[in-house]
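Trainee: Below are the structure tokens for one structure; questions will follow.
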Amino acid sequence: MLRLVGSNYYFRRAVPLDLRPLLGRSEVSHSLKTSNKLAARQQAALLYARTGQCFQEIRRMTTEPSAKTLSAADIIHFYEQFVKDLENYHTVCIDELTLRHKAESAGQTLREAEFLHTVMRFLDVIGQHFEHTDDFLRELRQQDAVTHAVTRTRESMLREEITGLRKMVVEIKGTLPQERLPAPQADDAETRLPTPTMSPPKKQRMTSSQTISAMTQRFILNDAGKSADTLKGTRTTVDLFVEAFGDLPVTQITGTTAGDFKDLLLGLPATHGKAKKCLPIRDAVKVAREQGLKTLSGKTAKNHFSRLSALWSILVQREIVSKNPWMKWSFNTTKETDRRCWTDEELALLSKAQWGHRGISRRTYAGMVNVALYTGLRLGEICNLRCQDIENVQGVACFQIRPHLEEDWSPKSAAGIRLVPIHSQLIRAGILEFLKPDQHFLFPDLATSTNGVRGASFGQAFSKLKTKLGLPAEITFHSFRHTGSTKLRNQDASFRELWIDRVLGHEASHRSQGTMNYTSSIDVRNLQSVIEALEFPSFSMEIPDT
Numbered sequence: 001m002l003r004l005v006g007s008n009y010y011f012r013r014a015v016p017l018d019l020r021p022l023l024g025r026s027e028v029s030h031s032l033k034t035s036n037k038l039a040a041r042q043q044a045a046l047l048y049a050r051t052g053q054c055f056q057e058i059r060r061m062t063t064e065p066s067a068k069t070l071s072a073a074d075i076i077h078f079y080e081q082f083v084k085d086l087e088n089y090h091t092v093c094i095d096e097l098t099l100r101h102k103a104e105s106a107g108q109t110l111r112e113a114e115f116l117h118t119v120m121r122f123l124d125v126i127g128q129h130f131e132h133t134d135d136f137l138r139e140l141r142q143q144d145a146v147t148h149a150v151t152r153t154r155e156s157m158l159r160e161e162i163t164g165l166r167k168m169v170v171e172i173k174g175t176l177p178q179e180r181l182p183a184p185q186a187d188d189a190e191t192r193l194p195t196p197t198m199s200p201p202k203k204q205r206m207t208s209s210q211t212i213s214a215m216t217q218r219f220i221l222n223d224a225g226k227s228a229d230t231l232k233g234t235r236t237t238v239d240l241f242v243e244a245f246g247d248l249p250v251t252q253i254t255g256t257t258a259g260d261f262k263d264l265l266l267g268l269p270a271t272h273g274k275a276k277k278c279l280p281i282r283d284a285v286k287v288a289r290e291q292g293l294k295t296l297s298g299k300t301a302k303n304h305f306s307r308l309s310a311l312w313s314i315l316v317q318r319e320i321v322s323k324n325p326w327m328k329w330s331f332n333t334t335k336e337t338d339r340r341c342w343t344d345e346e347l348a349l350l351s352k353a354q355w356g357h358r359g360i361s362r363r364t365y366a367g368m369v370n371v372a373l374y375t376g377l378r379l380g381e382i383c384n385l386r387c388q389d390i391e392n393v394q395g396v397a398c399f400q401i402r403p404h405l406e407e408d409w410s411p412k413s414a415a416g417i418r419l420v421p422i423h424s425q426l427i428r429a430g431i432l433e434f435l436k437p438d439q440h441f442l443f444p445d446l447a448t449s450t451n452g453v454r455g456a457s458f459g460q461a462f463s464k465l466k467t468k469l470g471l472p473a474e475i476t477f478h479s480f481r482h483t484g485s486t487k488l489r490n491q492d493a494s495f496r497e498l499w500i501d502r503v504l505g506h507e508a509s510h511r512s513q514g515t516m517n518y519t520s521s522i523d524v525r526n527l528q529s530v531i532e533a534l535e536f537p538s539f540s541m542e543i544p545d546t
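What follows is the structure in structure tokens.
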């Protein structure tokens, strides 16, 4: 029978009366070491069967003749051994169940590992498709932005055209003769008075809609195909002309006007327009003459005339004017100072220089100088770098030099739109630490001038630092680009000239269709080999953390 003592069940069985003298006890009691009633019953059934066999064996041994008579101690020893064997059997069963559980767990773990391996392979395969989809969507967004900008520009042009046509209609209507009412019928005796004839009206000039600023807006500034540099330069030139002569109708601008404008330009100080506040153009010419200041170069004046000549070519084609007064002017375009590359000694001197500008941090200064030296980027390209312009292409971190529609900025030319791998030295110096989640520009403390030029103050501050260090006028910030170009072209390396042109944003010397297609498909690894060839042992400018 079973008996619950405390938290464990006990097995109890009465010893038969005839065996009690031999065993010296009236019952068998043994702890089953379990509180589970079902398990206790199973063990008790087994014990009941074994004790029954034990009692039968004792009877057989006591009734059959034997050479040796069992004593009570022998029987007790046998019983104790029997109980130990039973306990060992129970332990073996538990060990078997434990091993079976471990085997099942191991099998389950293997199945889960196989499933995870399958999932990882699936993710690897589908991940490539996601990358292609992301690239497609990115290109689609860019195309949509360009299309939207072009459409918006065309709408603006059409509105200007409509406004101009409306003005023309109003002015034409104003020149037409009014219809005369029929003369009243006279009596038969009266003769009809003769109707006076009116002379045709003289054609009036529509000067209000044909001023130089209106024509510039219509044919140049509203042209979506013009680059940002062309638009900015043309606007500057026309603003100078209007300040000097007023917003004249284009039909009143003659060769005499063009000659006077040339004299004014060549008399302007070279720094005119670069400061926050500028003197009026005629006052500035007077001050430059009295103080003997350096004036605009012939090349700059020629650029102003070229922009106006481009506008007048359109006006001549449309027969708005009869000739172009801005053509065939000669200018002295000889360079006063030839720019040259940095020497190793000058780079070492620059590395130790102290940057003292209050508005632009030492961190920005060091970052921009390092980028200029190890990439050959132009100053304007560096100043307009955005955080989104740093991308990972084929496992290589790169600068994306491309138009910024929202800032109305674009590279100098079509060749300037390019991919430039980031030099490993720049990465070690910490250029990627400039990237911030909510930051638009890579160098955010650069300001935009009133003329819309970003980083103009940095160029002026760098020029002052260069002068303070005693460096010659032939050395400028643009000399970093010359230095990189010269070093690359003097390399005894296996990369091609086209790769160098692609990295620097130069037009290829051979502009065949095949060359243009090849240039646009140069592998980024080849471009990286060009960039990594730039080494400057004497230059060591650390980028501070703050």
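Quick note: the sequence shown uses UniProt numbering, first residue 1, plus one each step. C-beta: ideal position from N, C-alpha, C; glycine also. Only a predicted model underlies this, so the values are computations on that prediction, with no experimental measurement involved.
Need the endpoints of the alpha helix (DSSP H) that residue 22 sits in, please.
Mentor: Note, residue 22: alpha helix (DSSP H), 20-23.
Trainee: Using the C-alpha atoms, what's the distance from residue 122 back to residue 303?
Mentor: 60 Å
Trainee: Output yes or no for whether 9 Å exceeds the beta carbon distance between residue 384 and residue 404.
Mentor: Residue 404 is positioned such that its CB atom lies closer than 9 Å to that of residue 384.
Trainee: Taking the CB atoms as reference points, tell me whether residue 530 and residue 488 lie closer together than 9 Å.
Mentor: Yes, these two residues count as a Cβ contact at 9 Å.
Trainee: At the level of alpha carbons, what is the spacing between residue 13 and residue 48?
Mentor: 8 Å
Trainee: Which runs of the alpha helix (DSSP H) fall wholly inside the stretch 443-522 and span at least 4 residues, in chain order?
Mentor: 456-468, 479-489, 497-504, 513-520
Trainee: Taking just the CA atoms, how far does residue 342 sit from residue 479?
Mentor: 6 Å
Trainee: May I have the straight-line CA-CA distance separating residue 15 from residue 60, to the nearest angstrom?
Mentor: 16 Å
Trainee: So, helix, strand or coil for residue 187, using DSSP?
Mentor: Any answer about residue 187 is weak, because its pLDDT of 45 lies below 50 and its placement is not dependable; what the coordinates show is given next. Coil.
Trainee: Where does residue 406 fall in DSSP's three states?
Mentor: coil
Trainee: For residue 166, count neighbouring C-beta atoms within 10 Å of its own C-beta (all shown protein chains included) and say buried if the count is 16 or more, exposed if not.
Mentor: exposed
Trainee: Tell me whether the stretch 385-394 and the stretch 496-505 touch, counting them as touching only if at least three CB pairs, one residue from each stretch, are closer than 8 Å.
Mentor: no
Trainee: Can you tell me whether residue 180 is buried or exposed, with buried defined as 16 or more other CB within 10 angstroms of its CB?
Mentor: Only weak support is given to the placement of residue 180: the predicted model assigns it a pLDDT of 44, under 50, and the question is left unresolved by the model.
Trainee: Give the single residue among 89, 138, 229 whose Cα lies nearest to the Cα of residue 380.
Mentor: 229
Trainee: Look at the alpha carbon of residue 537 and the alpha carbon of residue 414, and state the distance between them as a whole number of angstroms.
Mentor: 33 Å
Trainee: In whole angstroms, what separates the C-alpha of residue 307 from that of residue 269?
Mentor: 20 Å
Trainee: May I ask which residues mark the beginning and end of the alpha helix (DSSP H) holding residue 370?
Mentor: 362-375
Trainee: Across the stretch 272-282 and the stretch 239-256, are there enough close Cβ pairs to call them in contact, namely three or more that are closer than 8 Å?
Mentor: yes
Trainee: Return yes when the Cβ of residue 477 is within less than 9 Å of the Cβ of residue 463, no when it is not.
Mentor: yes
Trainee: Within 10 Å of its beta-carbon, does residue 234 have 16 or more other beta-carbons around it, so buried, or fewer, so exposed?
Mentor: buried
Trainee: Could you tell me which residues DSSP pairs with residue 398 in its beta bridges?
Mentor: 391, 421
Trainee: Looking at C-alpha atoms only, which residue of 24, 19, 400, 5 is the closest neighbour of residue 31?
Mentor: It is 5 whose Cα lies nearest to the Cα of residue 31.
Trainee: With DSSP as the reference, label residue 538 as helix, strand or coil.
Mentor: coil
Trainee: Is residue 565 near residue 23, with beta carbons less than 9 Å apart?
Mentor: Outside the displayed range of the chain (1 to 546) lies residue 565, so it cannot be described from this structure.
Trainee: With DSSP run on the structure shown, which of helix, strand or coil describes residue 526?
Mentor: helix
Trainee: Alpha carbon to alpha carbon, how far is residue 425 from residue 273?
Mentor: Taking the straight line joining both Cα atoms gives about 37 Å.
Trainee: Hey, quick one: how far does the beta strand (DSSP E) through residue 14 stretch, first residue to last?
Mentor: 8-14
Trainee: Under the rule that 16 or more other beta-carbon atoms within 10 Å means buried, what is residue 8, buried or exposed?
Mentor: exposed
Trainee: Note the first and the last residue of the continuous alpha helix (DSSP H) segment covering residue 308.
Mentor: 298-317
Trainee: Just the Cα atoms here: how many angstroms apart are residue 376 and residue 346?
Mentor: 17 Å
Trainee: What are the uninterrupted segments assigned as alpha helix (DSSP H) that are 4 or more residues long and contained completely in the stretch 200-284, given in chain order?
Mentor: 212-216, 228-245, 255-267
Trainee: Express the C-alpha separation of residue 226 and residue 198 in angstroms, rounding to a whole number.
Mentor: Caution is warranted here: a pLDDT of 42 is assigned to residue 198, below 50, making its placement in the model unreliable, and no coordinate value can be reported.
Trainee: Considering only the beta carbon of each residue, do residue 369 and residue 541 sit closer than 9 Å?
Mentor: yes
Trainee: How is residue 5 classed by DSSP in three states: helix, strand or coil?
Mentor: Correct three-state label for residue 5: strand.
Trainee: Leaving out the 5 sequence neighbours to the left and right, which residues in its chain are closer than 6 Å to residue 441 when beta-carbon positions are compared?
Mentor: Around residue 441: 386.
Trainee: Do the CB positions of residue 546 and residue 445 come within less than 9 Å of each other?
Mentor: no
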